[in-house]
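Residue numbers (the numbering used here): 12 to 336.
Written out as structure tokens, the structure reads:
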């Protein structure tokens, strides 16, 4: 955008793009950011939940899939459908509403609520998109300030919030439905650690990871990792036991940030996750995991305690979800 503004030869093109974006005829989005809606596999008639929808680029793409003409003869099962677009921040929610209104396509409901406390009965949605708040270190090529401000422990603060949002999405998902979890981060604590925690919370009989690499042939991606270290208070830790040994008197609750111990990590098939690296295909860094719900979840699995505060507490700091949006 800055490059277009500096070069006078692109003024007409820039004016054209901005005009048609404002009219809802064009949608600007980085290529890797289009992967979650594509992998979600939205069909006509689906009830879709976008849990963290602003600024709305992915929601617009989901809406276009929902409104696509049916491949065969139209019938009751191929009509209708709805997208519920949620955003916790009121200002961003208003901008989201304006953007979706420009599309002039019916079938969207905009709401403003904490994603981890999203109201609704269990199994209400056919498809759920969890493009969660993250540290954003995968965008370092277009956001150079990340090079100066990046810290190894940045993802630790967001991990518990990301797990809560993912678990809530699973609870709202129908049996046979699909959930896509994504971030623009390369940190395993925000990616594979969250995926592993969601899978162990609901169990293999309820939820499984889908290998989505064959869905987009030719995509330059790498498999998810099964091992990583965690930075905490000036030191790297290779496993949860090393944290317990270091803090014998008062140990912080960081167990879910580490890979499951023993052979448990192999059973999760974290290699089915997709990692997109900036230098592999001249793109932004991105992470995607596709879940399929195979059976009803246990009644209390992944549920927040009734009196739980809507904060993310890690490394002795409490952060309101609104500030993480």
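Even glycine gets a Cβ: it sits at the ideal position worked out from N, Cα and C.
N-terminal and C-terminal residue of the beta strand (DSSP E) that residue 122 is part of: 119-122
Beta strand (DSSP E) segments (min. 3 residues) lying fully within the region 43-118: 58-61 and 93-97
Complete beta strand (DSSP E) runs within the region 154-212 (minimum length 3 residues, chain order): 184-194
According to DSSP, residues forming a beta bridge with residue 142: In DSSP, residue 142 forms a bridge with 193.
Distance, residue 310 Cα to residue 292 Cα: Straight-line measurement puts the Cα of residue 310 at about 43 Å from the Cα of residue 292.
Residue 205: CB within 6 Å of a non-hydrogen atom of the ligand ADP: Judged by which ligands are present, the structure shown has none, so any question about the ligand ADP falls away.
Contact check, residue 304 vs residue 218, beta carbons under 7 Å: yes
Per DSSP, cross-strand counterpart(s) of residue 303: 189 and 219
Identity of the residue in 226, 222 and 205 nearest residue 239 by Cα: 205
8 Å contact criterion, which residue 241 and residue 200 should meet: CB distance rounded: Rounded, the Cβ-Cβ distance is 6 Å, consistent with contact.
With 16 other Cβ atoms within 10 Å as the buried cut-off, status of residue 91: Counting of Cβ neighbours within 10 angstroms places residue 91 among the exposed residues, the total staying below 16.
Residue 148 and residue 47 closer than 7 Å at C-beta: no
Residue 256, DSSP secondary structure in three states: helix
Extent of the continuous alpha helix (DSSP H) to which residue 279 belongs: 275-279
Cross-strand partners of residue 234 (DSSP beta bridge): 285
Cross-strand partners of residue 247 (DSSP beta bridge): 242
Whole-angstrom distance between residue 187 and residue 89, CA atom to CA atom: Because residue 89 carries a pLDDT of 42, less than 50, the predicted location of this residue cannot be relied on, and the following value inherits that uncertainty. Going by the C-alpha atoms only, they are around 18 Å apart.
Rounded Cβ spacing between residue 207 and residue 276 (contact assumed at less than 8 Å): Contact flag correct, Cβ pair sits at about 7 Å.
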